[in-house]
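Heads up: the structure comes next, in C-alpha cells.
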Amino acid sequence: MSDWERDANKALQALGEAWQQGGISRETYRARRRRLIAALRERRDETERRAVGSPAPADAPPPHGEAGPMAVPGGGMRRGSVIHARGATIVAVSVAIALALAAWMVWSMEQGNV
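With full-length UniProt numbering, the residue at position 45 of the sequence shown is 45, and numbering never jumps.
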C-alpha cells in the first residue's frame with residue numbers, strides 16, 4: 001500500500017469517527033466521503049495512465065487461452081510471476097548443487113579420501 005493510500009485510509013477513518021461521535025452531520029459525512037473517494041479514483045486513474053507497459057512482442061500474441069498460466073494479454077509476464085520463476089530457478093540450482101556435493105562426499109568416502 002502506498003503512502004497516499006495510507007493517508008486516504010486514515011482520512012476515511014477520521015471522517016467515520018467524526019460522524020459516529022456526532023461531530024458532523026450525515027449529509028456532511030457523505031459529501032466529504034464522496035469527495036475523498038473521488039480524489040482516490042482520480043489518483044488511481046492517473047497512476048494507471050502513467051503505468052509503463054512492457055514492450056510489444058515482435059510477433060503476434062498467441063490466441064486467448066494458449067498463452068500459458070503466467071502470461072498476460074500482450075505477450076508479457078506479470079511481475080509476480082517473474083519473481084516466482086526466479087525464486088524457483090534459485091531453488092532448483094541450490095538443490096542441484098546440494099545433490100552434487102552429496103554425491104561427491106559419498107564418492108570420496110568410498111575412495112577413502114575423507
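Just so it is clear, CB atoms sit at the ideal spot from N, CA and C, and this is done for glycine as well.
Item, Value
"Starting from residue 16 and walking both ways along the alpha helix (DSSP H), at which residues does that stretch end?", "3-20"
"Just to confirm my understanding: we take residue 32, look at its own chain, exclude 5 residues before and 5 after, and list those with CB closer than 8 Å. What are they?", "15, 24"
"What residue from 36, 18, 22, 84 has the CA that sits closest to residue 5's CA?", "36"
"Of the choices 19, 102, 8, whose alpha-carbon is the least far from that of residue 42?", "8"
"When you compare each of 21, 11, 17 to residue 39 by their alpha carbons, which one comes out closest?", "11"
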